[in-house]
Every structure is written in structure tokens, then in C-alpha cells.
Amino acid sequence: MAPTLHSRAPLYWLALGSFAVGTESFMIAAILPDIAADLSVSEQAAGQLVSVFALTYAASSPVLTVLTGAVSRRLLLIATMLAFVAANIVAAVAGSYGGLMAARVLLAMAAGLFVPNANALAGMLVPPSERGRALSIVTSGLSLAIVFGVPLGAVVGHTLGWRMTFAGVAILSVAAAAGLLVGLPRAIGSAAPVVGLRERLGALANPAVRRPLAVTTLWAMGPFTVYPYIASYLQRVTGLEGAAVGFALFAWGLSAFIGLTVGGRLTDRLGGARIVGLTLPLIVLALASLSLTAELLPPALTLVPAFAGIVLWGFSAWAFYPGQQARLIGITGPKHAPVILSVNASFHYFGFSVGAALGSLVLSVASVRELGWVGALCVTLACLLEFAPAKAPRMADAPAQ
Numbered sequence: 001m002a003p004t005l006h007s008r009a010p011l012y013w014l015a016l017g018s019f020a021v022g023t024e025s026f027m028i029a030a031i032l033p034d035i036a037a038d039l040s041v042s043e044q045a046a047g048q049l050v051s052v053f054a055l056t057y058a059a060s061s062p063v064l065t066v067l068t069g070a071v072s073r074r075l076l077l078i079a080t081m082l083a084f085v086a087a088n089i090v091a092a093v094a095g096s097y098g099g100l101m102a103a104r105v106l107l108a109m110a111a112g113l114f115v116p117n118a119n120a121l122a123g124m125l126v127p128p129s130e131r132g133r134a135l136s137i138v139t140s141g142l143s144l145a146i147v148f149g150v151p152l153g154a155v156v157g158h159t160l161g162w163r164m165t166f167a168g169v170a171i172l173s174v175a176a177a178a179g180l181l182v183g184l185p186r187a188i189g190s191a192a193p194v195v196g197l198r199e200r201l202g203a204l205a206n207p208a209v210r211r212p213l214a215v216t217t218l219w220a221m222g223p224f225t226v227y228p229y230i231a232s233y234l235q236r237v238t239g240l241e242g243a244a245v246g247f248a249l250f251a252w253g254l255s256a257f258i259g260l261t262v263g264g265r266l267t268d269r270l271g272g273a274r275i276v277g278l279t280l281p282l283i284v285l286a287l288a289s290l291s292l293t294a295e296l297l298p299p300a301l302t303l304v305p306a307f308a309g310i311v312l313w314g315f316s317a318w319a320f321y322p323g324q325q326a327r328l329i330g331i332t333g334p335k336h337a338p339v340i341l342s343v344n345a346s347f348h349y350f351g352f353s354v355g356a357a358l359g360s361l362v363l364s365v366a367s368v369r370e371l372g373w374v375g376a377l378c379v380t381l382a383c384l385l386e387f388a389p390a391k392a393p394r395m396a397d398a399p400a401q
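This is how it looks when you write it as C-alpha cells:
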């Protein structure tokens, strides 16, 4: 009998691992100028550390998940977190741009293996009626990393040097690995179904997952057209800079955490497809409001509506996530959960990389004021895909009774 959320300890250890991964993934944007100066490269070249991470994650996650399909989930997660520790140490001592780039590739491979398998294990530990909440607990590690890890990493990087941010994440990852070793029972995940390569590829070929995966890509593209440049937006539109920008990111991360929690609970009540349909239009509204605020209001009146848009964006974008994950597991079944969630994460990170490139393109021909419009357009396309009539009936995850 699957354990319920009355025994949540394994879920929280998985969330701690996600927190370590999320802190490393998002904090680098705050220290890119320091990295560029120390390694004597341009900020544009330093920015490729973000793009390469996202693309490596997207490409490696499904392949590595397939190759490790027969490994105990407990052993795999512990080993992956230890690899994440080693890669952070390599990054901290890297003496060249190439060395740091290699470390980022290793970090992306470890992250791409840990996160989907942690989510898949969470989905297997609980009954279907509690899957949304279990997924939201594990995924909350990522949003908490944005709330606390990213601001803390920025402070450490600016006071002690950017190398200490990677050293700090390495220490955090050691704690996560120890927690997984002690907190995950030896039998946990050992009885998970072992799926052959042909069956896994068959699950990926399921026509019912194609549209949701396209929606994931467009969902990720929209917000990440804006996110890398949110500091520039706030400075130019509202006049905020320095610590005030950190407060804005804290507000965004806190609203994201609340969105994950609410989204997970509502997924259990309403079903994943319903949550996806409710949150996508809210993301469009939030992103469009950022450009609308910049275009229509004088600087003295932009602060409150800009913050409101950022909070709505964080809440709705992350409330989408547990609903989408639960929907994909409902389509393919728990047996194929590790593969479909890793593929979903790949589309997610591919959308991040394309969104960031799209934002850069917008800045080359326009300004930060237009980023919200472009991000909203991406999510509008996701809405059109989501609400367009299906050509053939597809399995839908029904709400819990």
C-alpha cells in the first residue's frame, strides 16, 4: 500500500534536493557580471553559461533517465546529488571560462537526472488522489530556491566572490545527499516498475502527450522572455535598483511558492487539465500588464502595478506546473512517469533557452518595455493549443472523487 501524505518525510528530502538544484540553476544570473570580469570574458559570453546549462538539461535529461531506468530510484537520487556536489566544486575552482563551462554542463546533466526522477518517485509514493500535493511539495524546493537561495547567493557572490556561491551550493548539496541517504528507506523506489527501452520510446510516441509538451514549451518561453531582464525592466520602468530589485525577486519567488502549493491542492480537486486551462490566461494577463504599465503610466505610478504583475506572474506560472505534471502522469501512467516527466522538463528548459534568446532579440530591436508583450504572445499561443478542439479523443485526468 502506497504511503500517504501523513508520512511526508521522503517528500521533504526530495524537496531539499530540488532546493539545491534550483539555487544553483537560478543564482548564476545574479553573478554573471562578476564571472565575466574575473575570467576576462564579455558578459555576452558569460551569458552562454545559462544557455548551455538549459540546452544540456533539455538534451540529456530524457536520455540519462532511459539509461538509468533499471537503477533503484533511491540509489540514483543519492548518486546524482553527490555528482552535483562534485560539479559545484569543479565550478568553484575553475580557472578558466572553458573549465566553468564544462562544470555547467556537468551540473545540467546532474540536475536533469535528479529533478524528474524525484518528481516521478513522489508521484509513485502516494495514491492518485494525493499526487498533485506530493508533486507540489517536491517542486516547492525550486520555488523556495528562488525565494531564498537566489537572493542569498547574490549576497554571498557580491561579498565573498562568485566562487563562494558554488562552494555554498556544494555544501547545501552535501546536506541534501545526507538527507536522502538517511531519510529515504532502502525499499523506497526499489519496487518501481522497470520499463524497457522499447516501452519507454512507445510512451514518448504517445500522441496524447504531444500537445501538452508543446504547451509546456510555450509556457516556459513566455516568462523567460522577461525573467533574465527583470532587473533592467524594474530599473528603467520603476526606477528600482540594487537591493530593491532583490526584494522584487523575493516577492516573485514567494508568489511562485504559493502558486505551487495552491496549484497542487487544486489539481487534486479539479484535475490537471482544468488547472492548466485556468492558469495560462492569467500568465498572459500578468506578462502583458508589465508592458502595459510601462507604456501607459508615468514612472511615478508604475511601482504598484508592476509589482502586481510580477506577483500574478509568479503565482500563475508556477500554479500551472503541478497540474501539467499530474496530467502527463495521468496520460502515460505511473509506470512511464520518470520518462515523461524528464521529457517535460526537457521541453521546459528548451523553452527557457529559446525564451531567453527571444528576449535578447527583442532588446536588439526594441526595449525592455516590449518584453511583456512578446512573452504574453508566447503564452497566448499556448492557450490556443490548449483550448483548440482535439482531433481525436484523448485521455484526461479526472478530478479526485
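Going by the UniProt record's numbering, the final residue of the sequence shown carries number 401, and the count climbs one at a time with no gaps. Using N, Cα and C, we set each Cβ at its ideal position, and we do this for glycine too.
Return the CA-CA distance between valine 194 and lysine 335, expressed in angstroms with no decimal places. Low per-residue confidence applies at valine 194: pLDDT is 46, beneath 50, and the placement is therefore not dependable enough to give any value.
In three-state DSSP terms, what is arginine 186? DSSP, read as helix, strand or coil, puts arginine 186 in coil.
Enumerate in chain order the residues of its own chain whose CB-to-CB distance from aspartate 34 is below 8 Å, with the five nearest sequence positions on each side excluded. Gly157, His158, Gly161 and Trp162
How is leucine 361 classed by DSSP in three states: helix, strand or coil? helix
What number of angstroms, rounded off, separates the C-alpha of valine 343 from the C-alpha of proline 298? 44 Å
Less than 7 Å between the C-beta atoms of glycine 372 and alanine 248, yes or no? no
Where does the unbroken alpha helix (DSSP H) through isoleucine 230 begin, and where does it stop? For isoleucine 230, the uninterrupted alpha helix (DSSP H) segment begins and ends at 230–237.
Inter-residue spacing [alpha-carbon to alpha-carbon] between leucine 282 and threonine 380: 10 Å
What residue from Thr293, Leu135 and Phe148 has the CA that sits closest to glycine 22's CA? When the alpha-carbon of glycine 22 is set against those of Thr293, Leu135 and Phe148, the nearest one is in Phe148.
When you compare only the Cα positions, how much space is there between isoleucine 137 and alanine 111? Rounded to whole angstroms, isoleucine 137 to alanine 111 spans 18 Å at the Cα level.
Candidates Ser51, Thr293, Leu14 and Val105: closest to leucine 76 by CA position: The shortest CA-to-CA distance from leucine 76 to any of Ser51, Thr293, Leu14 and Val105 is the one to Leu14.
Three-state secondary structure (DSSP) at valine 174? Three-state DSSP puts valine 174 in a helix.
Which full runs of the alpha helix (DSSP H) of 4+ residues lie inside the stretch 86–168, going along the chain? 97–125, 131–144 and 150–160, all fully within the stretch 86–168.
Going by DSSP in three states, glycine 333 sits in which element: helix, strand or coil? In the displayed model, glycine 333 falls within coil according to three-state DSSP, outside both helix and strand.
Report the option in Phe250, Gly333, Phe320 and His348 whose CA atom is closest to the CA atom of alanine 273. Measuring from the Cα of alanine 273, the nearest candidate turns out to be Phe320.
Identify which residue in Thr165, Phe347 and Ser360 has its Cα closest to the Cα of phenylalanine 26. Thr165
Between the CA atoms of alanine 356 and leucine 142 - distance to the nearest angstrom: 19 Å
Reference isoleucine 28, options Leu49, Ala9 and Val41, closest by Cα: Leu49
Alpha helix (DSSP H) containing valine 379: first to last residue? 371–387
Among the candidates Gly95, Thr68, Glu130 and Tyr97, whose CA atom is the shortest distance from the CA of glycine 264? Glu130
According to DSSP, is arginine 394 helix, strand or coil? Residue placement at arginine 394 is poorly supported in this model, since its pLDDT is 49, which falls under 50; the coordinates still yield a value, given next. Coil at arginine 394, not helix or strand.
Note down the Cα distance separating asparagine 117 from valine 304, rounded to an integer number of angstroms. 40 Å
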